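Basically the numbering used here = 1-based index in the sequence shown + 1443.
Yeah, the Cβ is synthetic: ideal placement off N, Cα and C, and Gly gets one too.
Please read all numbers here as calculations on a predicted model, not as lab measurements.
Before any comments, here is the structure.
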Amino acid sequence: MSHEVRAVVAMKKDAPVEVTTILVPDPGPGEVLVSVQSCGVCRTDLRYREGAVGGGDGFPYLLGHEAAGTVESVGEGVTGLVPGDSVVLAWRAPCGRCRSCRRGRPWYCFDSRGAQRSMTLLDGTPLTAALGIGGFAELTLVAAGQAVKVDPAARPEAAGLIGCGVMTGYGAAVHTAGVRGGDTVAVIGCGGVGGAAIAGASLAGARRIIAVDTDDTRLDGALRFGATHTVNSLGTDPVLAVRELTGGCGADAVIDAVGRPETYRQGFAMRDLAGVLVLAGVPDPGATVTLPLLEVFSRGGSLTSSWYGDALPSRDFPVLVDLYLRGKFDLGALVSETLSLHEVEDALARMRAGDGGDAPRSVVTP
C-alpha cells in the first residue's frame, strides 16, 4: 500500500521547488514510516535545488532532512520502535558491518543505512530523498536506524534541528575538536552550525569562546549560546582580534562553520601552536585553498574536518534533547519562524540572496 501525501520537490536544477503529491510506500523490512511534524530549512536543501549536491544527477529531489516526527508504522524485523514514538531523523545510520564500524569508528560508516523502497511521483518517477530523509513531506520513509527515539516532551520544531545543523556544530566542538575545560575556542560563522558549536564549546567548559561573523544579529545570538567575545569581521581583522583576545597566542580550537577558502585561511592563522582547526562548513564544489606548508609543519596541531559532527545519532540525539529539556541548550532560540510547505521556496530564495543566512532557522510544519 502507498500513501498519497503533499511534499516539496525540486524537479530540475535551479527551478523553483514545487509542492506536489507523492507516493510513500508502507515500510518494508528494516524500515519505518514517519509522520513528519517539523523540518528545518537548511542550506544543504538549497545546494540540492542548485544541483551542487551529487553532481545534480539525482533530480527530482524530495527535499528536507532536518526533521522530527512520530512513528506511523514499522516494517518487519524492526525492534525498539513502535507507532507513536517520537523520533528525530538522522542522515547517518551506521551499518555496524563495514571496516570503519568494525574498527570502532561508526561515525565514519562507509555503508550508512537508508530506506530500500523508493518514494515516487504519482507517475512512478523515483524521488531522491535529500540526505536519505526527504522531510518536507507529510510522511517519509527511512531506515529504522535513521529514526532515533527521543523524549516526547521535546518541542518538535526545536528537536528536529538536532538532525543536522545542531549535531554538526555541537559535534564539531565536542567530538572533533575535543574541547575541554579551560580551552579557548574561536568559531567563524554564527549561523545554525556555528551557534551549536558555540553551545557545545560552552557546555564542554571552554574558558573563552570568540564568535566571528559579519552580522551583528548573529553575533548577538552567539552571546546567548555562550560566546564570551564577538568580532565583526567586516570592520576588524578577525585574526588580529582573536590573537589580541588570547594574549597573542591564538585559540586552542578554531571551528570554521562557513567553509570558504578565506575563512579557512583565517582559521589556520587564528590557531595557537598545536591548536586544532576544524572544517565544519560545507565548501562549494571546486573550492581550493593554499597554505604555507612550512607553517603547517611548524605550528603542529591538526587540520581536520567534521562530517556531521562525528555523530553517533543513537548516542547523541537523546543527550541533546535532554540538554534542551533541562534548559542547558536553548534549541528554541534557533527557531525564528514556522512555515507551510508552500513557503519553502520563499525561504530558499531568501537564503540564496543572503538575507538572514540559515540562522535562526525557518522550520516547516507540514
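In its own chain, which residues sit with a C-beta less than 7 Å from the C-beta of residue i, not counting the 5 before and 5 after it?
{"i": "Gly1710", "result": "Ile1631, Val1697, Asp1699 and Leu1720"}
{"i": "Gly1799", "result": "Only weak support is given to the placement of Gly1799: the predicted model assigns it a pLDDT of 44, under 50, and the question is left unresolved by the model."}
{"i": "Ala1620", "result": "Ala1696, Ile1698, Val1719 and Val1721"}
{"i": "Arg1650", "result": "Gly1625, Asp1626 and Thr1627"}
{"i": "Arg1795", "result": "Leu1489"}
{"i": "Val1778", "result": "Glu1600, Ala1601, Pro1803, Arg1804 and Val1806"}
Are the Cβ atoms of residue i and residue j separated by less than 8 Å?
{"i": "Val1585", "j": "Val1531", "result": "no"}
{"i": "Thr1627", "j": "Asp1695", "result": "yes"}
{"i": "Val1807", "j": "Gly1606", "result": "no"}
{"i": "Val1509", "j": "Gly1483", "result": "The question names Val, yet the displayed sequence has Glu at residue 1509. The answer is yes: Cβ separation under 8 Å."}
{"i": "Ala1580", "j": "Val1479", "result": "yes"}
{"i": "Gly1693", "j": "Arg1661", "result": "no"}
{"i": "Ala1717", "j": "Gly1743", "result": "yes"}
{"i": "Ser1445", "j": "Leu1476", "result": "no"}
{"i": "Phe1502", "j": "Ala1558", "result": "no"}
{"i": "Pro1761", "j": "Val1732", "result": "no"}
{"i": "Tyr1767", "j": "Ala1511", "result": "no"}
{"i": "Leu1524", "j": "Met1562", "result": "no"}
{"i": "Val1764", "j": "Ala1602", "result": "yes"}
{"i": "Val1701", "j": "Ser1676", "result": "no"}
{"i": "Trp1534", "j": "Leu1570", "result": "no"}
{"i": "Val1787", "j": "Val1451", "result": "yes"}
{"i": "Glu1600", "j": "Ser1783", "result": "no"}
{"i": "Leu1734", "j": "Leu1604", "result": "no"}
{"i": "Thr1583", "j": "Gly1577", "result": "yes"}
{"i": "Ala1590", "j": "Arg1667", "result": "no"}
{"i": "Gly1669", "j": "Ile1652", "result": "yes"}
{"i": "Arg1449", "j": "Thr1464", "result": "yes"}
{"i": "Pro1595", "j": "Ser1529", "result": "yes"}
Leaving out five residues before and five after residue i in sequence, what residues of the same chain have Cβ atoms less than 8 Å from its Cβ?
{"i": "Cys1541", "result": "Cys1552, Phe1553 and Asp1554"}
{"i": "Thr1706", "result": "Ile1631, Gly1632, Asp1699 and Gly1724"}
{"i": "Leu1755", "result": "Pro1537, Pro1549 and Trp1550"}
{"i": "Ser1791", "result": "The amino acid occupying residue 1791 in the given sequence is Leu; Ser does not appear at that position. Closer than 8 Å at the Cβ level, and outside the excluded window around Leu1791, lie Val1460, Val1484, Asp1488, Leu1489 and Arg1492."}
{"i": "Arg1686", "result": "Cys1692, Gly1693 and Met1713"}
{"i": "Asp1457", "result": "Arg1492, Glu1493 and Gly1494"}
{"i": "Val1682", "result": "Gln1709, Ala1712 and Met1713"}
{"i": "Thr1747", "result": "Thr1619, Val1719, Leu1720, Val1721 and Leu1722"}
Quick one: residues in its chain with C-beta nearer than 6 Å to the C-beta of residue i, no 5 flanking neighbours on either side, listed in chain order?
{"i": "Val1617", "result": "Gly1643 and Ala1647"}
{"i": "Glu1780", "result": "Ser1805"}
{"i": "His1785", "result": "Val1462"}
{"i": "Ala1615", "result": "Ala1640, Ile1698, Val1721, Ala1723, Ser1749 and Gly1752"}
{"i": "Gly1588", "result": "Ala1536 and Arg1556"}
{"i": "Pro1809", "result": "Val1479, Glu1581 and Leu1784"}
{"i": "Val1496", "result": "Arg1490"}
{"i": "Lys1455", "result": "Phe1502"}
{"i": "Ala1572", "result": "Leu1505"}
{"i": "Pro1726", "result": "Gly1702"}
{"i": "His1672", "result": "Ile1653 and Leu1688"}
With respect to the alpha helix (DSSP H) encompassing residue i, which residues constitute its N-terminal and C-terminal limits?
{"i": "Gly1638", "result": "Gly1635 to Leu1646"}
{"i": "Glu1705", "result": "Pro1704 to Met1713"}
{"i": "Val1764", "result": "Pro1756 to Leu1768"}
{"i": "Glu1600", "result": "Pro1599 to Ala1602"}
{"i": "Glu1629", "result": "At residue 1629 the sequence reads Ala, which differs from the Glu that was named. Careful: Ala1629 lies outside any alpha helix (DSSP H), inside the beta strand (DSSP E) at Thr1627 to Ile1631."}
{"i": "Gly1608", "result": "Gly1608 to Gly1614"}
{"i": "Cys1482", "result": "Careful: Cys1482 lies outside any alpha helix (DSSP H), inside the beta strand (DSSP E) at Glu1474 to Gly1483."}
Between which two residues does the beta strand (DSSP E) containing residue i stretch?
{"i": "Pro1468", "result": "Glu1461 to Pro1468"}
{"i": "Thr1513", "result": "Glu1509 to Val1517"}
{"i": "Val1697", "result": "Ala1694 to Asp1699"}
{"i": "Ala1450", "result": "Ser1445 to Ala1453"}
{"i": "Ala1620", "result": "First-last for Ala1620: undefined, no H or E at that position."}
{"i": "Ala1654", "result": "Arg1651 to Asp1656"}
{"i": "Leu1746", "result": "Ser1745 to Ser1748"}
Taking 8 Å as the threshold (beta carbon to beta carbon), is residue i in contact with chain B?
{"i": "Arg1793", "result": "The structure shown contains no chain B; it holds only a single protein chain."}
**Asked** Quick check: the stretch 1599-1619 against the stretch 1744-1756, are there 3 or more CB pairs under 8 Å?
**Response** The stretch 1599-1619 vs the stretch 1744-1756: in contact.
**Three-pair Cβ contact test at 8 Å for the stretch 1462-1474 versus the stretch 1515-1530** = yes
**Minimum length 3: unbroken beta strand (DSSP E) runs contained in the stretch 1555-1592** = 1582-1586 and 1590-1592
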